[in-house]
Ligand code: PXP
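In the working numbering, the protein residues as written are 40 to 287.
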């Protein structure tokens, strides 16, 4: 169910990197389920995982276990491939976020090019919709992509905040922030629900959380990195606090 627009910004905690550490030794530790529980105790409103085609971190069994065990919604990031769509239809997470995927990338590098791929994507969106999961798409903050998403019936979009997060000076950051604000206002005027994420951290999350119409942020790396020093529950609580303060 999509929450009401007056509710506070939700925090989705991406725990892929807990699985990255586990996969480094191929054993069972650290446990993705335990990490998810700690994130929820710290205030995560949902848990996000990306089942990559190369299974470099999250495994199929993790997604099944999280769906069974979690008492908050599970958001599954997936490439728009037949294999991933079939897994998503079987697991039926609360939401599915379509992301672009290149095997060689370290992390998701850019948004999904819905404008170019629209014909193929429309069927995937319909299939996931029919499975009862809320479909979102991870896109760059560009009007052409926002319009393309609306055209194929996507109701939720997650804007890629990577360029804003990586901006190396104030002028560049302001420029990226303005681009995001314009894309968000266009998306809202088309009736789309807006999420955002990628590269957000404890320093740069405030300005993003202040943007009217952002309903959800998905954050992974910064939280898991901070958790090494203070523990996951505290790292999530601190991020949640910054988001809610800025969202006042
Ligand atoms: N949203 C999407 C769609 C992503 O692919 C990722 C990275 O997995 C994130 C959010 C979280 O990015 P980060 O780990 O940089 O916070």
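For every residue, glycine included, the Cβ atom is placed at its ideal position computed from N, Cα and C.
Given the structure is predicted, the values throughout are model-derived calculations rather than measurements.
Any non-hydrogen atom of the ligand PXP closer than 7 Å to residue i Cβ
i           : result
residue 198 : no
residue 136 : yes
residue 173 : no
residue 243 : no
residue 258 : yes
residue 286 : no
residue 116 : yes
residue 237 : yes
residue 55  : yes
residue 155 : no
residue 210 : no
residue 146 : yes
residue 162 : no
residue 288 : The question about residue 288 has no answer here: the residues shown for the chain are numbered 40 through 287.
Per-residue burial, residue i [other beta carbons within 10 Å of its own, 16 or more giving buried]
i           : result
residue 162 : exposed
residue 179 : buried
residue 192 : exposed
residue 153 : buried
residue 145 : exposed
residue 85  : buried
residue 266 : buried
residue 280 : exposed
residue 181 : buried
Continuous alpha helix (DSSP H) stretch holding residue i: start and end
i           : result
residue 68  : It is not in any alpha helix (DSSP H) - residue 68 carries neither H nor E in the DSSP assignment.
residue 87  : Residue 87 -> not in any alpha helix (DSSP H); beta strand (DSSP E) instead, spanning 85-89.
residue 209 : 209-228
residue 52  : Note, residue 52: premise wrong, no alpha helix (DSSP H); beta strand (DSSP E) at 49-53.
residue 138 : Premise fails: residue 138 lies in the beta strand (DSSP E), 134-138, not in any alpha helix (DSSP H).
residue 94  : Segment: none, residue 94 is in no alpha helix (DSSP H) and carries neither H nor E.
residue 145 : Where residue 145 is concerned, there is no enclosing alpha helix (DSSP H), given that its DSSP letter is neither H nor E.
residue 158 : 153-169
residue 46  : Looking at the DSSP string, residue 46 is not in any alpha helix (DSSP H), and its letter there is neither H nor E.
residue 271 : 271-285
Boundaries (first-last residue) of the beta strand (DSSP E) holding residue i
i           : result
residue 192 : Segment: none, residue 192 is in no beta strand (DSSP E) and carries neither H nor E.
residue 232 : 232-236
residue 294 : Beyond the ends of the chain as shown, which are 40 and 287, falls residue 294; an answer cannot be given.
residue 121 : That residue, residue 121, is in no beta strand (DSSP E); its alpha helix (DSSP H) goes 121-130.
Given residue i as reference, the closest of the options once Cα atoms are compared
i           : options               : result
residue 69  : 127, 170, 210 and 56  : 56
residue 200 : 253, 167 and 283      : 253
residue 184 : 263, 174, 197 and 52  : 197
residue 241 : 255, 112 and 274      : 274
residue 203 : 177, 190 and 219      : 219
residue 270 : 46, 73 and 90         : 73
residue 89  : 51, 117, 62 and 104   : 117
residue 83  : 138, 263, 66 and 52   : 52
residue 123 : 60, 212 and 98        : 98
residue 92  : 264, 284, 249 and 125 : 125
residue 286 : 255, 261 and 264      : 255
residue 128 : 194, 272, 64 and 171  : 171
residue 168 : 133, 156 and 138      : 133
residue 262 : 211, 45, 239 and 111  : 239
residue 108 : 188, 137, 71 and 81   : 71
residue 54  : 65, 248 and 115       : 115
Spatial distance of residue i from residue j (CA atoms)
i           : j           : result
residue 277 : residue 49  : 14 Å
residue 214 : residue 206 : 9 Å
residue 283 : residue 120 : 36 Å
residue 30  : residue 47  : In this structure the chain extends from 40 to 287, so residue 30 is not present and cannot be described.
residue 244 : residue 259 : 12 Å
residue 231 : residue 195 : 5 Å
heavy atom of the ligand NAP below 7 Å from residue i C-beta
i           : result
residue 261 : This structure simply doesn't include the ligand NAP; it includes the ligand PXP instead.
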